[in-house]
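Here is the structure we will look at.
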Amino acid sequence: MKDIAREANVSSATVSYILNQVNNQTISDETRNRVLEIASRLNYVPNLTARSLVKGKTGLLGLLLMRNSNDGFWRKLYWGMLTERLESLCKDKGYHLLVSYIDTNKPSLNIVLERELDGVFLVDVNSDVFNDISVHFQMGVPLIVLDSYIQDPLFYKVLIDYEEAFFKLREMVGVTSKSWFLVTEAFNNKEMTENIIRSSQVPADCVYVLDADNMEGLSSFLEQQRGNMGIVTNEFIGTLVANETVRLQLDVFVLCTGGCPHILPPTVQPIHMNPTADTAELAFELMQHLLHAPIPTNVANSIEDPASHIIFSKMMR
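Be aware that the sequence shown starts at 1, since it is given in the UniProt record's numbering, and climbs by one per residue.
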């Protein structure tokens, strides 16, 4: 930092204010740009500990992914895409992202608690362990829950609006003589799975809840749906169903919740996420404003029920 100050002909304090993004100091744009250019040229790497002392923040956000023994490959691919998206958003805004997998049956937060996190994203948490996890984060540390219905109005939940997605899909297809079937995944958060099934309005005997333990039974289930119309709630699972569409004369629509519609073959019809309501982006934007400012209008307008703090991301074809 002293080398930067010397070359920029400013004080070390000024360099510190600029590099640590302290905004309550009057510094000209010319000086700010000069310091940033020199810092980049000298390959300056910020000291997170020093930054936390200056700003009272660590610049570190946590992403906690709930792991289960019967998680399928589609869940792991979804985590990878979610992690990549959040990490990119964090990087653009000067945050670092700590990713940790938590055992659903024996949740341990030791690695996470060793760090001071400014905020936490918690993905697909089962309701019966949520309180055991949430109490570990001190007051003032925002905790945002994704892919989980949690009956606690203190916490914001970011969810895909499956009810609207199913409604619009049926509206788009119109009246059909074909029967509907549903292939969805087994979430750790059982309420999430139940909400998807309920919103689909598909009869229970035409629903297949897929996990790593029952993958072999999927072909038999699809055989029973020959000639019918189906909905799949994940494009990674959609690739499995797509293998049978031609042979069984299935009309299949895939809700692309993982951000990878391009992996689907032309034998199925993708239903794309609304690009203005990406789940990761909604969660990250909400986190930023919980840390720094009031909730922005576009996020506030997505809150279905202010009392429950549920924010829905929308889907479109």
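Backbone N, C-alpha and C fix where the C-beta goes; we use that ideal spot for every residue, glycine too. Please read these numbers as outputs of a predicted model, since none were measured by experiment.
query, result
"Sub-8 Å separation of residue 264 and residue 280 beta-carbons", "no"
"DSSP bridge partner residues for residue 230 (one or two, in chain order)", "181, 252"
"Exposed unless 16 or more other CB atoms sit within 10 angstroms - verdict on residue 49", "Below a pLDDT of 50, predicted positions are generally treated as unreliable, and residue 49, at 48, falls in that range; the measurement from the model is reported next regardless. The residue in question, residue 49, is exposed, as its Cβ has fewer than 16 Cβ neighbours within 10 Å."
"Sequence-distant residues of its chain with Cβ nearer than 6 Å to residue 70 (five each side left out)", "211, 212, 213"
"Sub-8 Å separation of residue 133 and residue 117 beta-carbons", "no"
"Sufficient close CB pairs (3 or more, under 8 Å) joining the region 29-41 to the region 188-195", "no"
"Three-state secondary structure assigned by DSSP to residue 115", "coil"
"Identity of the residues DSSP links to residue 270 by a beta bridge", "254"
"Span separating the alpha-carbon of residue 141 from that of residue 177", "52 Å"
"Alpha helix (DSSP H) segment containing residue 76, residue limits", "73-92"
"Close beta carbons around residue 89, own chain, < 6 Å, minus the five adjacent residues each side", "284"
"Whole-angstrom distance between residue 39 and residue 8, CA atom to CA atom", "10 Å"
"Stretch-stretch touch, CB-based, cutoff 8 Å, three pairs: the region 98-117 with the region 58-66", "yes"
"Range covered by the alpha helix (DSSP H) that runs through residue 136", "Note, residue 136: premise wrong, no alpha helix (DSSP H); not H, not E."
"Distance CB(residue 119)-CB(residue 290) smaller than 8 Å", "yes"
"Check whether residue 234 and residue 258 have beta carbons under 8 Å apart", "yes"
"Buried versus exposed call for residue 161 [16 or more other C-beta atoms within 10 Å across all chains shown]", "buried"
"Nearest-angstrom beta carbon gap, residue 146 and residue 137 [assumed within contact, 8 Å]", "Wrong, their Cβ atoms sit about 16 Å apart, outside the cutoff."
"Own chain partners of residue 95 with C-beta closer than 6 Å, once the 5 adjacent residues on each side are dropped", "59, 61"
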